[in-house]
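Below is one structure, written out as structure tokens; comments come after it.
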Ligand code: MN
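In this note's numbering, the protein residues as written are 34 to 236.
Take a look at the structure:
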């Protein structure tokens with residue numbers, strides 16, 4: 034068995050004007066595709082590990098042979114992170130969350146506006162390539178960021194939404210203006226999917 038690239042759940046131009054079609058095409062068809070290809074390549078020598086879900090693979094990195102551990106971490110992380118990322122965006126997204134996830138955000142961070150400010154700060158200050166996350170850690174809702182393609186699952190966190198702040202996610206349209214991309218992201222966020230992920234992560 035091998036890992037496969039999930040189709041983008043909307044057209045390349047669905048997130049215009051906030052995220053441009055060319056960026057989406059390269060990001061999904063080239064970057065995410067390469068993570069999947071390279072993950073499969075790394076695991077050619079470890080058939081037992083190929084049977085694991087990518088989540089299980091990344092929670093058990095210590096069991097991955099030394100020779101392929103970095104490749105599995107980077108490419109497995111890339112595969113898991115992007116598979117979630119496409120789904121938490123949609124055409125005509127934005128607005129405000131409702132239900133349990135909305136109250137959890139308000140009680141953890143003060144208000145939705147306060148949450149957005151804190152999340153944007155984590156995303157902006159992540160030096161170099163990485164991700165900003167909203168996750169459960171030790172049962173508490175927290176914001177974190179990681180370098181490269183690391184996912185909080187690698188050290189016990191349960192992330193239910195994340196923002197890609199690699200330059201490949203925004204450079205064509207926003208160049209060096211990462212804060213503008215982060216601000217634009219709130220217009221395409223799929224809060225219904227975030228609520229679903231929240232419910233699953235809370236268990
Ligand atoms: Mn990316």
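Don't be surprised by glycine CBs; every beta carbon is placed ideally from N, CA and C.
- For residue 122, the pairing in a beta bridge is given by DSSP as 222.
- As computed with DSSP, residue 170 is found in a beta bridge with 173.
- Under DSSP, residue 180 takes part in a beta bridge, and its partners are 163.
- Relative to the ligand MN, the beta carbon of residue 199 is positioned inside 8 Å of a heavy atom.
- In this structure, DSSP gives residue 236 a state outside helix and strand, which the three-state scheme calls coil.
- If you look at residue 90, you'll find it in the alpha helix (DSSP H) that goes 87 to 92.
- Look at residue 128 here: in three-state DSSP terms it is coil, with no helix or strand label.
- Shown here, residue 41 sits in coil according to DSSP, grouped into three states, outside any helix or strand.
- Short of 7 Å from the beta carbon of residue 91, and not among the five residues preceding or following it, lie these beta carbons of its own chain, in chain order: 109, 110, 113, 184, 186, 187.
- Short note on residue 111: C-beta closer than 8 Å to some heavy atom of the ligand MN.
- Distances between the C-beta of residue 118 and the heavy atoms of the ligand MN include at least one below 8 Å.
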